[in-house]
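Its first residue numbered 442, the sequence shown is counted upward by one per residue in this note's numbering. We put the beta carbon where it would ideally sit given N, CA and C, even for glycine. Structure first, commentary second.
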Amino acid sequence: MLEKLFTSGIRADIMSLLFNNPEEKFYVREIARLVNKNPSGVKRELDKLKEMDLVVSEREGNLKYFRVNRNSPLFPELKGLIAKSLGLPGALKSVLKASDAKSAFIYGQYVNNANLPSLDLFVVSDSDHIRKTLDDIEKRFGREIRLTLMSHADYKQRRKAE
């Protein structure tokens with residue numbers, strides 16, 4: 442749906458990443474890696490989004506960072522549209538891609554019934570930052586996310602023990 446609306450798959454992927462991570466800033470190559478697209482195409486779309494005032498940029502050293510423009514009058518509507526079109530699993534995927542999560546999966550009853558009020562999520566990550574982001578997703582979708590967070594070292598150790 443977003444691809445048709447925005448006429449560009451790259452733009453839809455970029456907007457999904459940025460709107461689902463409004464507190465984060467990313468440089469072009471990082472965005473290209475996260476959305477699995479060519480950096481030149483990503484840069485072209487970021488420039489178009491900047492012209493539309495949906496994205497802002499800032500320079501730190503020799504890197505130019507981009508983030509969603511939360512002051513844009515379209516921000517709340519587009520954020521809601523992106524959330525609705527992706528659904529909860531899509532929003533989780535976008536957020537987890539932008540984090541340092543090594544692995545993640547949904548398990549439990551939600552797998553068979555997506556209408557349940559909660560879901561179980563297992564994440565392998567060395568950062569606790571993911572909790573705040575998941576709190577935002579819980580509020581946005583009105584669903585409880587029961588997070589099991591395991592460090593990469595613990596995960597490797599448990600895998601060896603099996």
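Going by C-alpha positions, residue 507 is about 29 Å away from residue 593. DSSP, read as helix, strand or coil, puts residue 508 in strand.
Within the stretch 525-597, the runs of alpha helix (DSSP H) at least 4 residues long that lie entirely inside it are, in chain order, 571-582.
Following the DSSP letters along the chain, one finds residue 501 inside the beta strand (DSSP E) bounded by residues 496-501. Here residue 467 is bridged, per DSSP, to 507. Judged by beta-carbon spacing, residue 559 lies beyond the 9 Å limit of residue 591, meaning their Cβ atoms are not closer than that value.
By the beta-carbon neighbour count (other beta carbons within 10 angstroms, threshold 16), residue 572 is exposed.
Each of 568, 596, 553 and 466 was checked against the Cα of residue 500, and the nearest Cα belongs to 466. In the assembly as shown, residue 509 is a buried residue. Its beta-carbon has 16 or more other beta-carbons within 10 Å. Looking from the CA of residue 596, the closest CA among 581, 476, 563 and 516 belongs to 563. The beta-carbon separation of residue 520 and residue 582, rounded to 12 Å, does not stay under the 8 Å limit for a contact. If you draw a straight line from the Cα of residue 463 to the Cα of residue 511, it comes to about 7 Å. Bounds of the alpha helix (DSSP H) holding residue 480 are 480-492. Taking every protein chain shown into account, the CB of residue 548 has fewer than 16 other CB atoms within 10 angstroms, so this residue is exposed.
Inter-residue distance for residue 526 and residue 517 is about 14 Å (C-alpha atoms, whole angstroms).
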